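Engineer: In order, the protein sequences belong to chains U and W. Going by numbering that gives the first Met the number 0, the first sequence opens with residue 0, and the numbers climb by one from there. Going by numbering that gives the first Met the number 0, the second sequence opens with residue 0, and the numbers climb by one from there.
Protein chains: 2
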Amino acid sequence: MRVVIVGAVAGGASAAARARRLDESAEITLIERGEAPSFANCGLPYFVGGVIESRNKLLVTPTQRLIDRYKLDVRTRTEALAIDRRAKTVTVSKLDTDEVETLSYDKLILSPGASPLRPPFPGADLPTVFTLRDLKDADQLHAAAAGAKRAVIIGGGFIGLEMTENLVHRGLDVSVVELAPQILPPWDAEMVAPVADHLRSRGVKLHLGDAAEAIEEVDEGGVRVKLRSGESLEADFVVLSIGVRPENKLAVDAGLEIGPRGGIVVNRNMQTSDPDVYAVGDAVQVNHFIDGSPVQIPLGGPANRQGRIAADHVFGRDSEYRGTQGTAVVGVFDMTATMTGFSEKALAAAGIPHLKAYVHPGNHAGYYPGAQGMTLKLLFAPDTGRILGAEAVGGAGVDKRIDVLAVAIQAGMTVYDLEEMELAYAPQYGSAKDPVNMAGFVASGILRGDQPVVHSATLVGTAPGGAGEGAGYLPPAGPDRFLLDVRTPEEFHQGHIFGAKNIPIDELRGRLDELPRDKPITAYCQVGMRGYLATRVLLQNGFDAANLSGGYKTYQQHASATSAS
Amino acid sequence: MRVVIVGAVAGGASAAARARRLDESAEITLIERGEAPSFANCGLPYFVGGVIESRNKLLVTPTQRLIDRYKLDVRTRTEALAIDRRAKTVTVSKLDTDEVETLSYDKLILSPGASPLRPPFPGADLPTVFTLRDLKDADQLHAAAAGAKRAVIIGGGFIGLEMTENLVHRGLDVSVVELAPQILPPWDAEMVAPVADHLRSRGVKLHLGDAAEAIEEVDEGGVRVKLRSGESLEADFVVLSIGVRPENKLAVDAGLEIGPRGGIVVNRNMQTSDPDVYAVGDAVQVNHFIDGSPVQIPLGGPANRQGRIAADHVFGRDSEYRGTQGTAVVGVFDMTATMTGFSEKALAAAGIPHLKAYVHPGNHAGYYPGAQGMTLKLLFAPDTGRILGAEAVGGAGVDKRIDVLAVAIQAGMTVYDLEEMELAYAPQYGSAKDPVNMAGFVASGILRGDQPVVHSATLVGTAPGGAGEGAGYLPPAGPDRFLLDVRTPEEFHQGHIFGAKNIPIDELRGRLDELPRDKPITAYCQVGMRGYLATRVLLQNGFDAANLSGGYKTYQQHASATSAS
Numbered sequence: 000m001r002v003v004i005v006g007a008v009a010g011g012a013s014a015a016a017r018a019r020r021l022d023e024s025a026e027i028t029l030i031e032r033g034e035a036p037s038f039a040n041c042g043l044p045y046f047v048g049g050v051i052e053s054r055n056k057l058l059v060t061p062t063q064r065l066i067d068r069y070k071l072d073v074r075t076r077t078e079a080l081a082i083d084r085r086a087k088t089v090t091v092s093k094l095d096t097d098e099v100e101t102l103s104y105d106k107l108i109l110s111p112g113a114s115p116l117r118p119p120f121p122g123a124d125l126p127t128v129f130t131l132r133d134l135k136d137a138d139q140l141h142a143a144a145a146g147a148k149r150a151v152i153i154g155g156g157f158i159g160l161e162m163t164e165n166l167v168h169r170g171l172d173v174s175v176v177e178l179a180p181q182i183l184p185p186w187d188a189e190m191v192a193p194v195a196d197h198l199r200s201r202g203v204k205l206h207l208g209d210a211a212e213a214i215e216e217v218d219e220g221g222v223r224v225k226l227r228s229g230e231s232l233e234a235d236f237v238v239l240s241i242g243v244r245p246e247n248k249l250a251v252d253a254g255l256e257i258g259p260r261g262g263i264v265v266n267r268n269m270q271t272s273d274p275d276v277y278a279v280g281d282a283v284q285v286n287h288f289i290d291g292s293p294v295q296i297p298l299g300g301p302a303n304r305q306g307r308i309a310a311d312h313v314f315g316r317d318s319e320y321r322g323t324q325g326t327a328v329v330g331v332f333d334m335t336a337t338m339t340g341f342s343e344k345a346l347a348a349a350g351i352p353h354l355k356a357y358v359h360p361g362n363h364a365g366y367y368p369g370a371q372g373m374t375l376k377l378l379f380a381p382d383t384g385r386i387l388g389a390e391a392v393g394g395a396g397v398d399k400r401i402d403v404l405a406v407a408i409q410a411g412m413t414v415y416d417l418e419e420m421e422l423a424y425a426p427q428y429g430s431a432k433d434p435v436n437m438a439g440f441v442a443s444g445i446l447r448g449d450q451p452v453v454h455s456a457t458l459v460g461t462a463p464g465g466a467g468e469g470a471g472y473l474p475p476a477g478p479d480r481f482l483l484d485v486r487t488p489e490e491f492h493q494g495h496i497f498g499a500k501n502i503p504i505d506e507l508r509g510r511l512d513e514l515p516r517d518k519p520i521t522a523y524c525q526v527g528m529r530g531y532l533a534t535r536v537l538l539q540n541g542f543d544a545a546n547l548s549g550g551y552k553t554y555q556q557h558a559s560a561t562s563a564s
Numbered sequence: 000m001r002v003v004i005v006g007a008v009a010g011g012a013s014a015a016a017r018a019r020r021l022d023e024s025a026e027i028t029l030i031e032r033g034e035a036p037s038f039a040n041c042g043l044p045y046f047v048g049g050v051i052e053s054r055n056k057l058l059v060t061p062t063q064r065l066i067d068r069y070k071l072d073v074r075t076r077t078e079a080l081a082i083d084r085r086a087k088t089v090t091v092s093k094l095d096t097d098e099v100e101t102l103s104y105d106k107l108i109l110s111p112g113a114s115p116l117r118p119p120f121p122g123a124d125l126p127t128v129f130t131l132r133d134l135k136d137a138d139q140l141h142a143a144a145a146g147a148k149r150a151v152i153i154g155g156g157f158i159g160l161e162m163t164e165n166l167v168h169r170g171l172d173v174s175v176v177e178l179a180p181q182i183l184p185p186w187d188a189e190m191v192a193p194v195a196d197h198l199r200s201r202g203v204k205l206h207l208g209d210a211a212e213a214i215e216e217v218d219e220g221g222v223r224v225k226l227r228s229g230e231s232l233e234a235d236f237v238v239l240s241i242g243v244r245p246e247n248k249l250a251v252d253a254g255l256e257i258g259p260r261g262g263i264v265v266n267r268n269m270q271t272s273d274p275d276v277y278a279v280g281d282a283v284q285v286n287h288f289i290d291g292s293p294v295q296i297p298l299g300g301p302a303n304r305q306g307r308i309a310a311d312h313v314f315g316r317d318s319e320y321r322g323t324q325g326t327a328v329v330g331v332f333d334m335t336a337t338m339t340g341f342s343e344k345a346l347a348a349a350g351i352p353h354l355k356a357y358v359h360p361g362n363h364a365g366y367y368p369g370a371q372g373m374t375l376k377l378l379f380a381p382d383t384g385r386i387l388g389a390e391a392v393g394g395a396g397v398d399k400r401i402d403v404l405a406v407a408i409q410a411g412m413t414v415y416d417l418e419e420m421e422l423a424y425a426p427q428y429g430s431a432k433d434p435v436n437m438a439g440f441v442a443s444g445i446l447r448g449d450q451p452v453v454h455s456a457t458l459v460g461t462a463p464g465g466a467g468e469g470a471g472y473l474p475p476a477g478p479d480r481f482l483l484d485v486r487t488p489e490e491f492h493q494g495h496i497f498g499a500k501n502i503p504i505d506e507l508r509g510r511l512d513e514l515p516r517d518k519p520i521t522a523y524c525q526v527g528m529r530g531y532l533a534t535r536v537l538l539q540n541g542f543d544a545a546n547l548s549g550g551y552k553t554y555q556q557h558a559s560a561t562s563a564s
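(1) Do the region 358-374 of chain W and the region 404-413 of chain W touch if we need at least three Cβ pairs shorter than 8 Å?
(2) Does any residue of chain W have a CB that is nearer than 9 Å to the CB of Val50(U)?
(3) Give the residues from the region 545-561 of chain W that approach chain U closer than 8 Å (Cβ to any Cβ), ordered along the chain.
(4) Among Gly49(U), Arg516(U) and Val526(U), which residue has its Cα nearest to the Cα of His495(U)?
(5) Rounded to a whole number of angstroms, what is the C-alpha to C-alpha distance between Asp235(W) and Ile82(W)?
(6) What does the Cβ neighbour count give for Glu343(W), buried or exposed, with the cut at 16 atoms within 10 Å?
(7) Given Asp398(U), which residues of its chain have a CB within under 7 Å of its CB, disregarding the five upstream and five downstream residues?
(8) Along the chain, where does the beta strand (DSSP E) containing Leu85(U) start, and where does it finish?
(9) Out of Glu23(W), Gly242(W), Glu177(W) and Met528(W), state which residue places its alpha-carbon closest to the alpha-carbon of Leu131(W).
(10) Terminal residues of the continuous alpha helix (DSSP H) containing His141(U)?
(11) Going residue by residue through the region 100-137 of chain W, where are the continuous alpha helix (DSSP H) segments of at least 4 residues, counting only ones entirely within it?
(12) Could you list which residues in chain W have their beta carbon closer than 8 Å to that of Ile504(U), in chain order?
(13) Can you tell me whether Gly469(U) is helix, strand or coil according to DSSP?
(14) Would you mind telling me which residues of chain U sit closer than 9 Å to Gln324(W), beta carbon to beta carbon, in chain order?
(15) With a 10 Å radius around its C-beta and 16 neighbouring C-beta atoms as the bar for buried, classify Val251(W) as buried or exposed.
(16) Would you mind telling me which residues of chain U sit closer than 9 Å to Leu532(W), beta carbon to beta carbon, in chain order?
(17) So, using beta-carbon positions, are Gln427(W) and Tyr45(U) closer together than 9 Å?
(18) Using a Cβ-Cβ cut-off of 6 Å (strictly less than) and excluding sequence neighbours within five positions of Ala143(U), which residues of its own chain qualify?
(19) Could you check how far apart the C-beta atoms of Leu422(W) and Gly429(W) are, in whole angstroms? I think they sit under 8 Å.
(20) For Asn165(U), is the classification buried or exposed, using 16 other Cβ atoms within 10 angstroms of its Cβ as the cut-off for buried?
(21) Taking C-alpha atoms, which residue in Ser174(U), Gln284(U) and Glu513(U) lies nearest to Lys500(U)?
(22) What does the Cβ neighbour count give for Leu432(U), buried or exposed, with the cut at 16 atoms within 10 Å?
(23) Using 9 Å as the limit for Cβ to Cβ distance, is Arg169(W) near chain U?
(24) Quick one: does Lys376(W) have its CB under 9 Å from some CB of chain U?
(25) Pick out whichever of Tyr104(W), Arg74(W), Val99(W) and Tyr69(W) has its Cα sitting closest to the Cα of Arg84(W).
(26) With a threshold of 6 Å on Cβ separation, who are the neighbours of Val452(U) within its own chain once the five nearest residues in sequence on each side are excluded?
(27) How would you list, in chain order, the residues of chain W whose beta-carbon sits under 7 Å from the beta-carbon of Thr337(U)?
(28) Going by DSSP, what residues sit across from Met334(U) in a beta bridge?
Below, the structure written as structure tokens:
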């Protein structure tokens, strides 16, 4: 069996190692355009930032080890030029000598990855406008940061924010330009508003809902980035991180089926439209785990598993890829944003019915020192309660809760199952009622009708740049709605929703005659707990009442997201 | 509806709050023997240790808040003396005045908890021999630790080790006496051997496989603890933490059904044998989630959920408790031991067929600074691969992996599902192949026959105090087994299994003629990865080969557990 693998990072390297374990006698050739196979691409921003000090650490499995340990024919600095599917050959070229060779394969595995988008505006190809994909890019950025004072990051997604953190760590002034009215576009806007605030508190300038239109060199050195808004940002260099595009040229030229967003189409065994050609990793179109829709989600974990599955199938095993659920995490200074499954806006865009719940628990028992807060948003099906997605943002422990919810989604679990989760509890690790349990209680309460809810999105206007409707605040209280703040007078005076009346929860039962019986009452507290109890008291006393999900804290996040850019 | 709840900590407090949310008009009376309801019992050791500085922090929901917010009739310092099930009354006595009162109920919820065992040996009731259950105990221990130099902890379970950490934190010399030949008896011995080493490195003296037989006062003040081994330990005070017993007197006297281990028998709605009497928390016998067997597992999370379920059922809802799966975690200085489901010894005792796998991954990518190691043991069914239990011990991130596995157990998932888990990955949070994926790969490899394994328990003799067979090492290599160490010569010379031959993995294919074809070969490396590849190479070259699961590291843990006491 002759196996040729094109691309030696995550998916390709996994496929090669798996192939060797399955068959000692196979001839396995690994083609890699870069200087090193199997490097730590997710570590590149941290090498640029000096957090990872030694470049050698990025070389996870050096070439010689792949040769000695896995008996692979490793060709680095070698590019695959063309596939002849009829002849079952790949033509490759050595980049250093231009020597061309034709390799025969019985099975071909493509793991070409995805390349950073470089928009066509003037100056996007200047030498001080960098992207970050491989070791060479990281070396260049590492050098560019030395002695530099200012950098502009275009694109506020994963890599943009990781680069932001790392350049700040190197002492640079950093500005981020993001087309969307929020950072981290995969998340819902209100969830990442606190991350934006956190970035600003670290001195990062955010230009949201704005775009670069041109970059020009300035006489004193460095560049000037001209924005659509009219603003100009000067910097020593620019990082372009507006997204990636599947590297599909080889596949396109070979006539393999390609999806609408450029991803190579594969079946559940990772076979392309040619059963002797497999494709894995960021270059392929996968099906979303939840609804089976075709998606393009570049992630390291799935790439590794896909490589393994392709190798399995090459050697006659019926391993199947289940689809990608979009579990992701990004660290931004001391904060973490993480998600799994669909976001609310993705559900809305896909027309999938959904409900949501917000909770703001601590990562562990509040009475144990050092508890850190988080916001957890749960999205679920109105009929069955099936979990459709979750987002968590905060300090320590948010990745734990999203991992738990990622498994629950894999298992097809419902919000009722979350109520019953038995998770590890001691006061420094969690709570007897874990954040995941709490989210389950709230969501189940909504479904059972125990807790009608109103959402802050109803009170706060549409986010600018969103559906195009006017930004800002709608009048939250008025002829159609009575707003009841059940927090303490101290909390109320520190900030409340315009028009709300304050009756602390502990006085509520004695002051029911102050409330209207002719219009709906929206009760709220700080995070939704006292508001829930207030709602129960009111409902049982004949009022038309609902709780503001996630309380004033969620409201503030929405307000911040709406006024952010 | 008149609801009387006896016991106002975890289960009782949850039941009361839930009952009020469900019914504004119910008369809810909460009886508590101690001074405060709803205190943080899991925080008591950390208050004694000064980690939690303010005693007020332990009062999670003060009495006045329960009255104001939940409209409860709260009676602290009040003891329930007897239940008259015919008349549906509870007789209670005010501890401060001896005033006796009879309370009528429609539904009664018992949440009496469990009391620390006090063994009958001489001196166990001396005033300087403490247990730790409530605020009063914590106050006494807090005071006793002031100015004290030495303490003896009898019992090396959860509370024993939490008290150990906290008394060391207060500056005391601490000795721990544990009857079992290991600390933390719910875990398998080899898993907690590193925790024992860690305790010793902090100066804690461990007396394993030993027992206190008497405590006597000494003239200079303090006490002397006499051990079965003949040793004597002097100390200023003693903490007894050898376990708890369900507080079942009220239930027994009322003629309610009691299980063989003293737990109050309840159905899935938490009803006792009298449908108008419910029981929740540490006092009840529950069914194990995995096999339905009756068990007594005192845990805070389940107590809270049971209280909620009982209240639900009182008010006509059909909430059901699914059983307890025994998810637990304990912190010991910078280490964490955590588990879910059955341990190996519990499976063996129950006669449940099982297989196991060990992995030793880092909590996050090794190339990102600060990665911490862990040992993860997975127990699974030989036929279906269903996950039966898991234990994880190490530094950061072990609680996350056990929570993930706890959900997988709840969902009835298999080791094959673990291969496919899509968990949050960025280099500071995890690995593209998460520890949970790795455990799934190894376990699935065992089931698919890709990776025959030998376990260290086969090479290391039976642990002392275990099945009663002789302790110590069996000859690991010999006429019946060839031991192959595939690590580097440097690793080999730093320590290896007696009789092993060293052929580094990268040389293995060229030196196959040095290996025997007439007897089984056990290959091993440091953690099991290179040993797995070696096993694949050997099997495909016609050798009878198996991998030592978890490698030399697991072997060392077994050896340490065997020689520990």
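Note that CB positions come from ideal geometry on N, CA and C, so glycine has one too. Fair warning: this is a prediction, and the values are worked out from it, not measured in the lab.
Structural biologist: So, to answer that:
(1) no
(2) yes
(3) none
(4) Val526(U)
(5) 42 Å
(6) buried
(7) Val328, Thr335 and Thr337
(8) One point to set straight first is that residue 85(U) is Arg, not Leu, in the sequence displayed. Per DSSP, Arg85(U) belongs to no beta strand (DSSP E) and is neither H nor E.
(9) Gly242(W)
(10) Leu134 to Ala144
(11) none
(12) Arg68
(13) Annotation note: pLDDT 35 at Gly469(U) (below 50); position unreliable, no value reported.
(14) Glu421
(15) exposed
(16) Ala16, Arg19, Arg20, Arg68 and Tyr69
(17) yes
(18) Phe236
(19) 6 Å
(20) buried
(21) Glu513(U)
(22) It should be pointed out that residue 432(U) corresponds to Lys in this sequence rather than to Leu. Classification for Lys432(U): buried.
(23) no
(24) no
(25) Tyr104(W)
(26) Ile445, Ala545, Asn546 and Ser548
(27) Ala423
(28) Val331(U)
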